[in-house]
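All remarks here apply to the structure that follows.
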Amino acid sequence: RGVQGSRMTDLSGIKALTFDVFGTTVDWYGGIARECQSVLGAHGHRLDWVKFANRWRSEYQPAMEEVRSGRRDYVVMDQLHREMLDVALDEFGVAGISSEEKDHLALGWRRLDPWPDAVPGLMRLKRKFTVAALSNGNIALVAEMAKRGGIPWDVVLGADFVRTYKPMPALYDSAPKLLMLKPSEIMMVACHVWDVDNAAKRGFRTAY
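For the sequence shown, the residue numbers in this note's numbering are 2 to 209.
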C-alpha cells in the first residue's frame, strides 16, 4: 500500500528496500515492557510496564535533537537509551537499581523481538531486493538485535556513518551512496509518516 493512497505501491525500478527498525520491524513496546518488568520487577517494583516503556521512549526525539542541532557531539543510540532511562526511573520514583542493572536494561533495546511477519516477509523480499536497515540505532545495536531475532538484513546502515540522526538528510543520503544506487532505486519502508516523508524529499520511493 502506498503512502499517498490505497493503490499498491509500484516496485518497478526498485533495487533496494531500506527499513526503519524500531516499531516497523520490531516490537519495541512489548520488548521494553518485558525487559523493564524483568529487571525492575525483581526489586519489587510494580509499575504499568507499557506506560513506563512509553515514558522512556518519549525522551527519544529530544535526546536526538541535541545531536541534530549541534548542541551536542554525536553519541550512539545505546548511550542515549541509557541516559533516557535515568529520566524515566526518576519520574517513576524507582530506586535501588545498580549501575550494572541499568546498563543491562538500557541494552534491552538490542533484545527486541521482530513482529511475527517480519522475518518471513524479509526473507521473501530479499530474493529480489537488497534489504537494509536504515535506522537511528547504531550498527552494533541493530546487528545484535538482528542476530538474536533472526532478522535477515543484507546490510545494516546506522547513524554511525554520518554521526547524526533522522530526519537529517545525511542519514537518508548515506543509503544510495553506500549501496551505489540512485535514490529513486531505493524504497524507504516505515510505519512513521515523518520517516517516509523525509525519505521522499531525498528522492526515495516510499512505502508506509
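From the three backbone atoms N, C-alpha and C, an ideal C-beta is built for every residue, glycine too. This structure is a prediction, so every number in the text was calculated from the model and none was measured.
In the displayed model, Arg206 falls within a strand according to three-state DSSP. Ala134 is a Cβ neighbour of Val143, given a cutoff of 8 Å.
Your pair Ala54 and Cys37 checks out as a contact, with CB atoms roughly 6 Å apart and the cut at 8 Å. Here Leu113 is near Trp29, since their CB atoms are less than 8 Å apart. Between Pro170 and Arg206, the C-beta gap is not smaller than 8 Å, which leaves the two residues out of contact. Closest in alpha carbon position to Arg69, among His82, Pro168, Leu18 and Gly14, is Pro168.
A distance of 8 Å or more separates the beta carbons of His193 and Gly31.
The beta-carbon separation of Thr19 and Ala119, rounded to 15 Å, does not stay under the 8 Å limit for a contact.
Straight-line spacing of the CA atoms in Phe162 and Asp11 works out to 30 Å. One thing to note: Asp21 has its Cβ no nearer than 8 Å to the Cβ of Val157.
The three-state reading of DSSP puts Met181 in coil, since its state is none of H, G, I, E or B.
Comparing alpha carbon positions, the residue from Leu41, Ala43, Ala34 and Lys129 closest to Lys52 is Ala34.
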